[in-house]
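J.: Note that this note's numbering has the sequence shown beginning at -12, numbered continuously upward. For each residue, glycine too, the CB sits at the ideal point set by N, CA and C. Please see the structure below; I have some questions.
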Amino acid sequence: MFVANWDVDVAQSERGVAFLKNTIVRMLFGANVFLILASFGILGYFVRPTNGLFVIHYNVYFGVEIEGVWWQIFILPLAGVFFLLCHFFLAWRFYELRERIAAYLMLFGSCLISIGILIANIGIAFINY
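Right under this line is the structure:
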C-alpha cells in the first residue's frame, strides 16, 4: 500500500538511499542524458558529411568566425558528455561524503551546461541547414 508522508521533506525521505537509487539524482541524470541525446540527434538529422565547410560559430557583428569540417560540429555534444561524466563522478564522491546538496548542485550544473550545448547545437544546425 502506498503511503505518502507529506510532513517529511525530501531531504529526510532520501536518507540512507544509495546514490543511483536517489530520486533527485535519477531525475537530473535522466534530464542530462536526454539533453545530450537531443543534441546528437539534432546534429545527426541536419548535418551530412560533405567536403565543404560548415559554419561552427557566427557572430552578429563580424559574421562567420569559425568554419570547420562536418565532424568538428560533434565536438560540442562530446564536450557535454565529458562534463556529464566529470560532474557525475564528483557528485557520486560528494554523495559518499554525505554532501548530498553539493552532489545535487553538481548534477544540476551539468544539466545547465547540457541546456546551453543544446541551444548552441540548434543554432549551428539551423545556420548550416
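#1: Assign Ile88 to buried or exposed, taking buried as 16 or more other Cβ atoms, counted over all protein chains shown, within 10 Å of its Cβ.
#2: Ignore the nearest five residues each way along the sequence and tell me which others in Ile102's own chain have a CB closer than 8 Å to its CB.
#3: How long is the line joining the alpha carbons of Arg85 and Gly67, rounded to whole angstroms?
#4: Check Phe21 in the structure and name its three-state DSSP category.
#5: Does the distance from the C-beta atom of Tyr82 to that of Phe33 stay below 8 Å?
#6: Run through the DSSP bridge pairs and tell me what Gly55 is partnered with.
#7: Tell me which residue opens and which closes the alpha helix (DSSP H) that Val68 is part of.
#8: Along the alpha helix (DSSP H) that carries Tyr91, what are the first and last residues, could you check?
#9: Determine the contact status of Tyr116 and Ile11, defining contact as a CB-CB distance below 8 Å.
#10: Which residues does DSSP list as the beta-bridge partners of Gly50?
#11: Do Asn19 and Cys98 come within 8 Å of each other at the CB atom, strictly closer than that value?
#12: Please classify Gly31: does DSSP put it in a helix, a strand, or coil?
#13: Taking Cβ positions, are Ile43 and Ile60 nearer each other than 8 Å?
T.: According to the structure data:
#1: So Ile88 ends up on the exposed side.
#2: Excluding the 5 residues flanking it on each side, Ile102 has same chain C-beta neighbours closer than 8 Å at Leu22, in chain order.
#3: Put simply, the backbone Cα of Arg85 is about 26 Å away from that of Gly67.
#4: Three-state result, Phe21: helix.
#5: No; because the gap between Cβ atoms is not below 8 Å, this pair is not in contact.
#6: Answer is Phe41.
#7: 62 to 83 is the span of the alpha helix (DSSP H), which, as asked, contains Val68.
#8: Unbroken alpha helix (DSSP H) run through Tyr91: 87 to 115.
#9: By the CB criterion at 8 Å, Tyr116 and Ile11 fall outside the cutoff.
#10: Asn46, per the DSSP bridge assignment.
#11: It is a contact, given that the beta carbons lie within the stated cut-off.
#12: Note: Gly31 maps to helix in three-state DSSP.
#13: Against a cut-off of 8 Å, the Cβ pair of Ile60 and Ile43 comes out as a contact.
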